[in-house]
Amino acid sequence: MEISTQQIEAYQRDGALVLRGAFSDWVEPLREGFAQNLAQPGPFAIENVRGGERGRFFEDYCNWQRIAPFEDFIRRSPAAAIAGRIMGASAVQVFHEHILVKEPGTDKPTPWHQDLPYYCVDGLQTASYWIPLDPVDATNTLRVVLGSHRWPKLVRPKRWASNENFYAGRDSFMDMPDVEDGSHRIVAPQLAPGDAVVFDFRTVHGAAGNQGTGRRRAFSARFLGDDVRFIERPGRTSPPFPGIGQRDGERLREDWFPVVWRAPAVQA
Numbered sequence: 024m025e026i027s028t029q030q031i032e033a034y035q036r037d038g039a040l041v042l043r044g045a046f047s048d049w050v051e052p053l054r055e056g057f058a059q060n061l062a063q064p065g066p067f068a069i070e071n072v073r074g075g076e077r078g079r080f081f082e083d084y085c086n087w088q089r090i091a092p093f094e095d096f097i098r099r100s101p102a103a104a105i106a107g108r109i110m111g112a113s114a115v116q117v118f119h120e121h122i123l124v125k126e127p128g129t130d131k132p133t134p135w136h137q138d139l140p141y142y143c144v145d146g147l148q149t150a151s152y153w154i155p156l157d158p159v160d161a162t163n164t165l166r167v168v169l170g171s172h173r174w175p176k177l178v179r180p181k182r183w184a185s186n187e188n189f190y191a192g193r194d195s196f197m198d199m200p201d202v203e204d205g206s207h208r209i210v211a212p213q214l215a216p217g218d219a220v221v222f223d224f225r226t227v228h229g230a231a232g233n234q235g236t237g238r239r240r241a242f243s244a245r246f247l248g249d250d251v252r253f254i255e256r257p258g259r260t261s262p263p264f265p266g267i268g269q270r271d272g273e274r275l276r277e278d279w280f281p282v283v284w285r286a287p288a289v290q291a
C-alpha cells in the first residue's frame, strides 16, 4: 500500500490516520487467529465485564509467537512498513499484538485512555493498529482525540474493569480531561473489515460498548521506531513482560521484540 506525504504529515499532526482497505486480505486469517486465541486464551487474558454487568468484553495479548495467523500478519502484512513510513523510522520492532472482543449487548465501554502510560516503553516513534474484523459504525467504533499525542503530560492510566488507578501511590501523570466538552476534535469512523485506524501510543482513544446484534472483534498490532527505549514505570505494566531484564534507556531486546522492517537503502 502506497503512503503519501500528506498521510505522513496527517499522522504526525493528528496522531492518527484512517486506512481504507489496507488489510482486506488479512481479515479471514486474523479471524482464524481469533478463533484459536478464544479457544485457548493466553496467560494475560482479561474479562472486563463484572458480575451484574451485561455482555462480554474479552481481551488478550502477547500471543503472536504461538498463534500462526498473528505472527504471519506481523511479519508479512504491510503493517510494519506503513508504520515505519508514517513514524519516519529507519527500522521497526514489533511490540505486541492485542485482541478485543465485545459480544452483542455489552454495556462496558473502553474508557478514554492513552496506551503509553501502561507500557514499559517511552518514545515518539510509535504506531498501534486497530483493525475491525466485523463492520463497525459510530455506535461501537474506535473514537480518537486528534492531537492528543502532543499533550504536555501523559494521562493517568486506569483499570478498565474497576476504574481504579493502574499504579499505586504518587505518580507524575495528569487526570483525563473532559474530552467530550466540545473543545476537542474527535473522530469515530465507520469501518469495514480490513480497514484500520493507526495511531500514536500517546493518542487518547476509547470506544462505547456493543449494543448491536453482532460480535465486534478488533485486532491490534503495535510497533516501535528508532527512538523507543525501555522505561521503568511505578508498578507492573500492561503487558507485564515478566523477566524482561532491561533497564531505563535501553533499546528493547531484539530476541523478544524482533525487527520486522527496515527502510530500503538509499541508492548513491
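Per the working numbering, the very first residue in the sequence shown carries number 24; after that it's consecutive.
Ideal Cβ positions, reconstructed from N, Cα and C, are used throughout, including at glycine.
Note down the Cα distance separating Met110 from Leu139, rounded to an integer number of angstroms. 16 Å
Beta-carbon gap between Phe242 and Gly272 smaller than 9 Å: no
Of all the options Ala112, Thr28 and Gly56, which has the alpha carbon lying nearest to the alpha carbon of Phe93? Gly56
Is it true that the region 35-50 meets the region 62-74, where meeting means three or more beta-carbon pairs spaced less than 8 Å apart? no
Please give the ranges of any alpha helix (DSSP H) in the region 199-275, keeping only runs that are unbroken, at least 4 residues long and fully inside the region. none
Can you list, in chain order, the stretches of the beta strand (DSSP E) that have 3 or more residues and sit fully within the region 136-179? 149-155 and 165-168
Check whether Leu156 and Arg240 have beta carbons under 9 Å apart: yes
So the candidates are Leu147, Gly192 and Val283; which of them puts its Cα closest to the Cα of Pro175? Leu147
Using a 10 Å radius around the Cβ and a threshold of 16 neighbouring Cβ atoms, would you call Ala219 buried or exposed? buried
Candidates Asn86, Glu25, Glu277 and Gln35: which alpha carbon is nearest His172's? Gln35
Quick test of your reading: Ile26 and Ile105, contact by CB under 8 Å. State the CB separation rounded to the nearest angstrom. 6 Å
Hey, out of Gln116, Thr133, Ala62 and Asp223, whose CA is closest to Thr149's CA? Asp223
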